[in-house]
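Residue numbers (the working numbering): 1 to 371.
The block underneath contains the structure these notes are about, expressed in C-alpha coordinates.
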Amino acid sequence: MKIGFDAKRAFYNSRGLGNYSRDTIRILSEQNADDHFYLFTPKIKDRISFSFNSNCELVSPQGFYINVPSVWRTMGVTTDINRLNLDIYHGLSNELPFGMEKSKARSVVTMHDLIFLKFPELYPWIDRQLYKKKYIQSCKKADVIVAISQQTKTDLIDLIGIKEEKIKIVYQGCNPIFLQEQTDELKASVKKKYNLPNQFLLTVGAIEPRKNHKLILDALVVGKLDISLIIVGHSTVYTNELKSYIHENKLDEKVKILSGVPLEDLSAIYQLATVFVYPSIFEGFGIPILEALNSRVPVVTSTGSCFEETGGHGSCYVDPYNPQELANALTGILNDEDKQKLMIVEGVGHAAAFSDKSISDNLMKIYKTLL
(Lines of atoms letter the chains of each structure in order from A and count residues from 1; the text may use other names and numbers.)
(Lines give C-alpha, C1' and ligand atoms only; values in the text may rest on other atoms or scores of the structure.)
Protein backbone atom coordinates (compact mmCIF):
# COMPACT_ATOMS: atom_id res chain seq x y z
CA MET A 1 0.00 0.00 0.00
CA LYS A 2 0.95 3.63 -0.46
CA ILE A 3 -0.04 5.54 2.67
CA GLY A 4 0.32 9.26 3.32
CA PHE A 5 0.46 10.93 6.74
CA ASP A 6 -0.04 14.52 7.82
CA ALA A 7 3.36 14.67 9.52
CA LYS A 8 3.56 18.35 10.47
CA ARG A 9 3.22 17.67 14.19
CA ALA A 10 5.59 14.72 13.99
CA PHE A 11 8.34 17.12 12.95
CA TYR A 12 7.31 20.31 14.77
CA ASN A 13 5.37 19.45 17.94
CA SER A 14 7.11 18.17 21.07
CA ARG A 15 3.91 17.48 23.00
CA GLY A 16 1.16 14.86 22.84
CA LEU A 17 0.09 15.26 19.21
CA GLY A 18 3.71 15.17 18.11
CA ASN A 19 4.42 12.08 20.20
CA TYR A 20 1.41 10.29 18.73
CA SER A 21 2.42 11.20 15.17
CA ARG A 22 6.05 10.15 15.65
CA ASP A 23 5.13 6.85 17.28
CA THR A 24 2.51 6.01 14.64
CA ILE A 25 4.92 6.68 11.77
CA ARG A 26 7.72 4.75 13.48
CA ILE A 27 5.53 1.78 14.34
CA LEU A 28 3.88 1.41 10.94
CA SER A 29 7.05 1.92 8.92
CA GLU A 30 8.99 -0.61 11.04
CA GLN A 31 6.24 -3.22 11.20
CA ASN A 32 5.24 -3.03 7.51
CA ALA A 33 8.42 -3.03 5.45
CA ASP A 34 6.64 -3.88 2.18
CA ASP A 35 4.42 -0.78 2.29
CA HIS A 36 5.48 2.76 1.39
CA PHE A 37 4.75 5.78 3.58
CA TYR A 38 4.72 9.45 2.58
CA LEU A 39 5.27 12.05 5.29
CA PHE A 40 3.60 15.33 4.35
CA THR A 41 5.22 18.28 6.10
CA PRO A 42 4.95 22.01 5.23
CA LYS A 43 8.65 22.52 5.92
CA ILE A 44 11.71 20.36 6.48
CA LYS A 45 14.22 22.69 8.15
CA ASP A 46 14.89 22.65 11.91
CA ARG A 47 12.59 19.69 12.40
CA ILE A 48 12.47 17.29 15.34
CA SER A 49 14.57 14.22 14.63
CA PHE A 50 13.00 10.82 15.20
CA SER A 51 13.35 7.26 13.96
CA PHE A 52 11.42 5.95 10.97
CA ASN A 53 12.15 3.24 8.42
CA SER A 54 13.68 3.62 4.96
CA ASN A 55 10.27 2.99 3.37
CA CYS A 56 9.27 6.56 4.32
CA GLU A 57 9.53 9.53 1.98
CA LEU A 58 9.19 13.22 2.82
CA VAL A 59 6.70 15.29 0.83
CA SER A 60 6.89 19.09 1.13
CA PRO A 61 5.53 22.12 -0.80
CA GLN A 62 6.69 22.69 -4.35
CA GLY A 63 6.33 25.63 -6.76
CA PHE A 64 3.83 28.31 -5.66
CA TYR A 65 3.25 26.64 -2.29
CA ILE A 66 6.88 26.97 -1.16
CA ASN A 67 6.09 30.54 -0.10
CA VAL A 68 2.74 29.66 1.51
CA PRO A 69 3.28 26.29 3.24
CA SER A 70 0.24 26.67 5.50
CA VAL A 71 -1.99 27.03 2.42
CA TRP A 72 -0.37 23.91 0.94
CA ARG A 73 -1.12 21.90 4.09
CA THR A 74 -4.74 23.05 4.10
CA MET A 75 -5.53 23.00 0.39
CA GLY A 76 -2.59 21.94 -1.81
CA VAL A 77 -1.89 18.57 -0.24
CA THR A 78 -4.71 16.90 -2.19
CA THR A 79 -2.91 17.63 -5.47
CA ASP A 80 0.14 15.73 -4.23
CA ILE A 81 -2.02 12.92 -2.85
CA ASN A 82 -3.41 12.39 -6.36
CA ARG A 83 -0.01 12.86 -8.01
CA LEU A 84 1.49 10.14 -5.85
CA ASN A 85 -1.52 7.89 -6.39
CA LEU A 86 -1.89 7.14 -2.68
CA ASP A 87 -4.20 4.43 -1.43
CA ILE A 88 -4.73 5.98 2.02
CA TYR A 89 -4.21 9.43 3.52
CA HIS A 90 -4.25 9.57 7.33
CA GLY A 91 -4.63 12.86 9.17
CA LEU A 92 -2.84 12.11 12.44
CA SER A 93 -3.93 15.20 14.35
CA ASN A 94 -7.67 15.87 14.11
CA GLU A 95 -7.86 17.20 10.57
CA LEU A 96 -7.86 16.44 6.85
CA PRO A 97 -6.96 18.82 3.99
CA PHE A 98 -9.59 20.71 2.04
CA GLY A 99 -10.91 18.72 -0.91
CA MET A 100 -9.90 15.37 0.56
CA GLU A 101 -13.35 13.94 -0.16
CA LYS A 102 -12.71 14.46 -3.90
CA SER A 103 -9.32 12.74 -3.81
CA LYS A 104 -8.67 9.31 -5.26
CA ALA A 105 -7.28 8.16 -1.90
CA ARG A 106 -9.41 6.91 0.98
CA SER A 107 -9.19 9.01 4.12
CA VAL A 108 -8.66 8.32 7.82
CA VAL A 109 -8.49 10.92 10.57
CA THR A 110 -7.35 10.38 14.15
CA MET A 111 -9.40 12.31 16.70
CA HIS A 112 -7.61 12.77 19.99
CA ASP A 113 -10.22 14.58 22.03
CA LEU A 114 -13.01 17.16 21.99
CA ILE A 115 -11.80 19.14 24.96
CA PHE A 116 -12.56 22.41 23.18
CA LEU A 117 -16.26 21.44 23.28
CA LYS A 118 -16.31 19.89 26.77
CA PHE A 119 -14.27 22.65 28.43
CA PRO A 120 -14.63 25.70 26.15
CA GLU A 121 -13.41 28.02 28.90
CA LEU A 122 -9.90 26.62 28.40
CA TYR A 123 -9.66 27.95 24.83
CA PRO A 124 -9.82 31.43 23.27
CA TRP A 125 -13.00 32.06 21.26
CA ILE A 126 -11.19 32.22 17.93
CA ASP A 127 -9.48 28.87 18.56
CA ARG A 128 -12.79 27.22 19.36
CA GLN A 129 -14.33 28.46 16.12
CA LEU A 130 -11.34 27.24 14.12
CA TYR A 131 -11.39 23.81 15.75
CA LYS A 132 -15.13 23.45 15.21
CA LYS A 133 -14.79 24.20 11.52
CA LYS A 134 -11.71 22.07 10.81
CA TYR A 135 -12.22 19.14 13.12
CA ILE A 136 -15.94 18.59 12.67
CA GLN A 137 -15.68 18.90 8.89
CA SER A 138 -12.78 16.43 8.89
CA CYS A 139 -14.86 13.93 10.85
CA LYS A 140 -17.73 14.26 8.43
CA LYS A 141 -15.68 13.76 5.27
CA ALA A 142 -13.34 11.02 6.56
CA ASP A 143 -14.04 7.46 5.49
CA VAL A 144 -13.01 6.24 8.94
CA ILE A 145 -12.34 8.03 12.22
CA VAL A 146 -9.74 6.59 14.57
CA ALA A 147 -10.50 7.45 18.20
CA ILE A 148 -7.61 7.02 20.64
CA SER A 149 -9.94 5.95 23.48
CA GLN A 150 -13.48 4.91 24.24
CA GLN A 151 -13.90 8.31 25.88
CA THR A 152 -13.10 10.08 22.61
CA LYS A 153 -15.42 7.75 20.70
CA THR A 154 -18.26 8.51 23.11
CA ASP A 155 -17.65 12.26 22.79
CA LEU A 156 -17.65 12.04 18.98
CA ILE A 157 -21.05 10.36 19.10
CA ASP A 158 -22.59 12.53 21.82
CA LEU A 159 -21.17 15.95 20.97
CA ILE A 160 -21.08 16.05 17.17
CA GLY A 161 -23.36 13.20 16.17
CA ILE A 162 -20.92 10.90 14.40
CA LYS A 163 -22.35 7.45 13.65
CA GLU A 164 -20.80 4.77 15.84
CA GLU A 165 -19.97 2.44 12.96
CA LYS A 166 -17.70 5.08 11.43
CA ILE A 167 -15.43 5.17 14.49
CA LYS A 168 -12.71 2.64 15.28
CA ILE A 169 -10.76 2.68 18.55
CA VAL A 170 -7.00 2.24 18.26
CA TYR A 171 -5.10 2.99 21.45
CA GLN A 172 -1.80 4.82 21.50
CA GLY A 173 1.60 3.53 22.43
CA CYS A 174 4.64 5.37 23.69
CA ASN A 175 8.27 5.77 22.73
CA PRO A 176 10.17 2.46 23.22
CA ILE A 177 12.79 4.24 25.31
CA PHE A 178 10.35 4.03 28.25
CA LEU A 179 10.34 0.24 28.01
CA GLN A 180 14.13 0.05 28.35
CA GLU A 181 15.72 -0.38 31.76
CA GLN A 182 18.25 2.45 31.96
CA THR A 183 21.70 1.72 33.35
CA ASP A 184 22.62 2.53 36.92
CA GLU A 185 25.30 4.83 35.52
CA LEU A 186 22.78 6.86 33.51
CA LYS A 187 20.35 7.09 36.39
CA ALA A 188 23.11 8.23 38.74
CA SER A 189 24.23 10.82 36.19
CA VAL A 190 20.69 12.14 35.69
CA LYS A 191 20.06 12.23 39.43
CA LYS A 192 23.17 14.36 39.88
CA LYS A 193 22.48 16.52 36.83
CA TYR A 194 19.03 17.59 38.06
CA ASN A 195 19.84 17.36 41.77
CA LEU A 196 17.05 14.85 42.39
CA PRO A 197 16.27 13.53 45.89
CA ASN A 198 16.30 9.82 46.76
CA GLN A 199 12.50 9.67 46.75
CA PHE A 200 10.10 11.93 44.89
CA LEU A 201 6.71 12.23 43.28
CA LEU A 202 6.83 12.88 39.54
CA THR A 203 4.38 14.51 37.16
CA VAL A 204 5.01 15.04 33.43
CA GLY A 205 3.06 17.17 30.97
CA ALA A 206 2.66 20.72 29.69
CA ILE A 207 2.34 23.11 32.59
CA GLU A 208 -1.18 24.39 32.04
CA PRO A 209 -4.35 24.55 34.21
CA ARG A 210 -5.99 21.46 32.66
CA LYS A 211 -3.08 19.31 33.81
CA ASN A 212 -4.03 20.26 37.39
CA HIS A 213 -0.56 20.54 38.93
CA LYS A 214 -1.97 22.66 41.74
CA LEU A 215 -3.91 19.68 43.09
CA ILE A 216 -0.61 17.94 43.83
CA LEU A 217 0.70 21.04 45.58
CA ASP A 218 -2.52 21.27 47.60
CA ALA A 219 -2.16 17.60 48.54
CA LEU A 220 1.40 18.21 49.78
CA VAL A 221 0.07 20.99 52.01
CA VAL A 222 -3.13 19.43 53.39
CA GLY A 223 -1.54 16.00 53.80
CA LYS A 224 1.71 17.40 55.21
CA LEU A 225 3.52 14.95 52.96
CA ASP A 226 7.23 14.63 53.60
CA ILE A 227 8.30 13.97 50.01
CA SER A 228 9.55 16.08 47.11
CA LEU A 229 7.72 16.74 43.84
CA ILE A 230 9.39 16.97 40.45
CA ILE A 231 7.34 18.69 37.72
CA VAL A 232 8.56 18.11 34.16
CA GLY A 233 6.90 20.00 31.33
CA HIS A 234 6.83 22.82 28.84
CA SER A 235 6.70 26.09 30.76
CA THR A 236 3.76 28.47 30.22
CA VAL A 237 2.26 31.51 31.94
CA TYR A 238 0.64 29.08 34.38
CA THR A 239 4.13 28.17 35.61
CA ASN A 240 4.34 31.57 37.32
CA GLU A 241 1.10 30.87 39.21
CA LEU A 242 2.51 27.59 40.45
CA LYS A 243 5.79 29.23 41.50
CA SER A 244 3.88 31.85 43.49
CA TYR A 245 1.84 29.16 45.23
CA ILE A 246 4.99 27.13 45.94
CA HIS A 247 6.65 30.15 47.55
CA GLU A 248 3.56 31.22 49.52
CA ASN A 249 3.20 27.74 51.01
CA LYS A 250 6.91 27.31 51.77
CA LEU A 251 7.36 24.44 49.34
CA ASP A 252 10.48 25.86 47.68
CA GLU A 253 12.70 23.11 49.09
CA LYS A 254 10.26 20.36 48.11
CA VAL A 255 9.24 21.24 44.55
CA LYS A 256 11.42 21.44 41.45
CA ILE A 257 10.17 22.44 37.97
CA LEU A 258 12.13 21.17 34.95
CA SER A 259 11.62 22.12 31.30
CA GLY A 260 13.40 21.05 28.12
CA VAL A 261 14.42 17.66 29.48
CA PRO A 262 15.89 15.35 26.77
CA LEU A 263 14.05 12.08 26.17
CA GLU A 264 16.82 9.85 27.51
CA ASP A 265 17.03 11.90 30.71
CA LEU A 266 13.25 11.82 31.06
CA SER A 267 13.17 8.03 30.85
CA ALA A 268 15.74 7.86 33.66
CA ILE A 269 13.76 10.35 35.77
CA TYR A 270 10.65 8.18 35.40
CA GLN A 271 12.62 5.15 36.60
CA LEU A 272 14.01 7.06 39.58
CA ALA A 273 10.56 8.26 40.70
CA THR A 274 8.74 6.74 43.68
CA VAL A 275 5.19 7.48 42.47
CA PHE A 276 3.90 9.07 39.27
CA VAL A 277 1.01 11.51 39.77
CA TYR A 278 -1.20 12.65 36.88
CA PRO A 279 -4.32 14.45 38.18
CA SER A 280 -5.33 15.94 34.82
CA ILE A 281 -8.94 17.07 34.56
CA PHE A 282 -9.50 15.65 31.06
CA GLU A 283 -7.48 13.98 28.28
CA GLY A 284 -8.02 11.95 25.16
CA PHE A 285 -5.57 9.28 26.31
CA GLY A 286 -2.79 10.44 28.65
CA ILE A 287 0.49 9.15 27.20
CA PRO A 288 2.51 10.01 30.36
CA ILE A 289 0.48 7.40 32.25
CA LEU A 290 1.61 4.72 29.81
CA GLU A 291 5.18 6.01 29.96
CA ALA A 292 5.10 5.63 33.75
CA LEU A 293 3.59 2.12 33.66
CA ASN A 294 6.31 0.99 31.25
CA SER A 295 8.89 2.62 33.51
CA ARG A 296 7.70 0.43 36.40
CA VAL A 297 6.38 3.27 38.54
CA PRO A 298 3.11 3.19 40.55
CA VAL A 299 0.55 5.57 39.02
CA VAL A 300 -2.01 7.82 40.69
CA THR A 301 -4.33 9.58 38.27
CA SER A 302 -7.85 11.00 37.97
CA THR A 303 -11.29 9.45 37.96
CA GLY A 304 -13.40 10.09 34.88
CA SER A 305 -12.26 10.80 31.33
CA CYS A 306 -10.08 8.13 29.68
CA PHE A 307 -7.68 7.50 32.54
CA GLU A 308 -8.94 4.07 33.60
CA GLU A 309 -8.54 2.89 30.00
CA THR A 310 -4.91 3.98 30.00
CA GLY A 311 -4.01 3.18 33.61
CA GLY A 312 -5.76 -0.17 34.05
CA HIS A 313 -6.76 -1.88 37.29
CA GLY A 314 -3.37 -1.49 38.94
CA SER A 315 -3.37 2.31 39.04
CA CYS A 316 -5.00 4.42 41.74
CA TYR A 317 -7.75 6.91 40.84
CA VAL A 318 -8.76 10.03 42.77
CA ASP A 319 -11.16 12.94 42.39
CA PRO A 320 -9.21 15.64 40.47
CA TYR A 321 -10.85 18.32 42.62
CA ASN A 322 -10.14 16.77 46.04
CA PRO A 323 -6.62 17.38 47.40
CA GLN A 324 -7.33 15.48 50.62
CA GLU A 325 -8.27 12.38 48.66
CA LEU A 326 -5.04 12.63 46.68
CA ALA A 327 -3.04 13.14 49.89
CA ASN A 328 -4.64 10.06 51.46
CA ALA A 329 -3.96 7.95 48.36
CA LEU A 330 -0.32 9.02 48.22
CA THR A 331 0.18 8.40 51.94
CA GLY A 332 -1.24 4.89 51.58
CA ILE A 333 1.04 4.05 48.67
CA LEU A 334 4.19 5.65 50.07
CA ASN A 335 3.81 3.76 53.36
CA ASP A 336 3.19 0.36 51.78
CA GLU A 337 6.02 -1.17 49.74
CA ASP A 338 4.01 -4.30 48.98
CA LYS A 339 1.27 -2.15 47.47
CA GLN A 340 3.84 -0.33 45.35
CA LYS A 341 5.20 -3.64 44.04
CA LEU A 342 1.71 -4.92 43.20
CA MET A 343 0.84 -1.69 41.37
CA ILE A 344 4.03 -2.00 39.33
CA VAL A 345 3.38 -5.63 38.33
CA GLU A 346 -0.24 -4.93 37.36
CA GLY A 347 0.78 -1.76 35.55
CA VAL A 348 3.41 -3.50 33.43
CA GLY A 349 0.90 -6.21 32.54
CA HIS A 350 -1.69 -3.64 31.47
CA ALA A 351 0.86 -1.65 29.43
CA ALA A 352 1.65 -4.74 27.37
CA ALA A 353 -1.72 -4.34 25.63
CA PHE A 354 -0.43 -1.17 23.96
CA SER A 355 2.36 -2.90 22.04
CA ASP A 356 3.71 -1.70 18.70
CA LYS A 357 2.43 -4.84 16.98
CA SER A 358 -1.10 -4.40 18.32
CA ILE A 359 -1.22 -0.77 17.16
CA SER A 360 0.20 -1.63 13.74
CA ASP A 361 -2.17 -4.57 13.22
CA ASN A 362 -5.21 -2.51 14.18
CA LEU A 363 -4.36 0.42 11.91
CA MET A 364 -3.42 -1.75 8.94
CA LYS A 365 -6.68 -3.66 9.33
CA ILE A 366 -8.57 -0.37 9.03
CA TYR A 367 -6.59 0.65 5.94
CA LYS A 368 -7.17 -2.68 4.22
CA THR A 369 -10.93 -2.54 4.76
CA LEU A 370 -10.98 0.72 2.75
CA LEU A 371 -9.34 -0.68 -0.37
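Note that CB positions come from ideal geometry on N, CA and C, so glycine has one too.
In whole angstroms, what separates the C-alpha of Tyr270 from that of Met75? 41 Å
Ile344 to Gly284 span [Cα, whole Å]: 23 Å
Can you tell me the Cα-Cα spacing of Ile48 and Glu30, whole angstroms? 19 Å
Per DSSP, Leu258 forms a beta bridge with which residues? Val232
Going along the chain, which unbroken runs of the alpha helix (DSSP H) with 4 or more residues stay wholly within the region 233 to 309? 237 to 248, 263 to 272, 287 to 294
On the criterion of 16 or more Cβ atoms from any shown chain inside 10 Å, does Phe37 qualify as buried, or is it exposed? Around the CB of Phe37, 16 or more other CB atoms lie within 10 Å, so the residue is classed as buried.
Simplified DSSP state of Asp218, which is helix, strand or coil: helix
Touch test, the region 353 to 361 against the region 249 to 262, Cβ-Cβ under 8 Å, three pairs minimum: no
Per DSSP, which residues does Leu39 bridge with? Please list them. Phe5, Leu58
In chain order, what residues of the same chain lie with their CB nearer than 7 Å to the CB of Ile287, ignoring the 5 residues before and after it? Gly16, Asn19, Gln172, Cys174
Quick one: using the 10 Å Cβ neighbour count with 16 as the cut-off for buried, is Val26 buried or exposed? Residue identity differs from the one stated: residue 26 is Arg in this sequence, not Val. By the neighbour-count rule (16 or more Cβ atoms within 10 Å), Arg26 is buried.
Quick one: complete beta strand (DSSP E) runs, 3+ long, within the region 85 to 119? 88 to 91, 106 to 111
Quick one: grab the DSSP three-state call for Val318. strand
Thinking C-alpha only, which one of Asp226, Ile230, Leu225, Ile44 is nearest Tyr278? Ile230
Beta-carbon proximity list for Asp143, same chain, < 6 Å, skipping 5 on both sides: Arg106, Ser107, Leu370
Going by CA-CA distance only, name the one from Ser267, Leu215, Leu217, Pro209 that's closest to Thr183. Comparing Cα positions, the closest option is Ser267.
Compare the C-alpha of Gly63 against each of Phe52, Ser54, Asn53, Thr79 and name the closest. Thr79
Whole angstroms are fine: how far does the CA of Asn55 sit from the CA of Gly4? Straight-line measurement puts the Cα of Asn55 at about 12 Å from the Cα of Gly4.
Assuming Met100 contacts Ile145 under a Cβ cut-off of 8 Å, what Cβ separation, rounded to an integer in Å, is found between them? About 13 Å separates the two Cβ atoms, so there is no contact after all.
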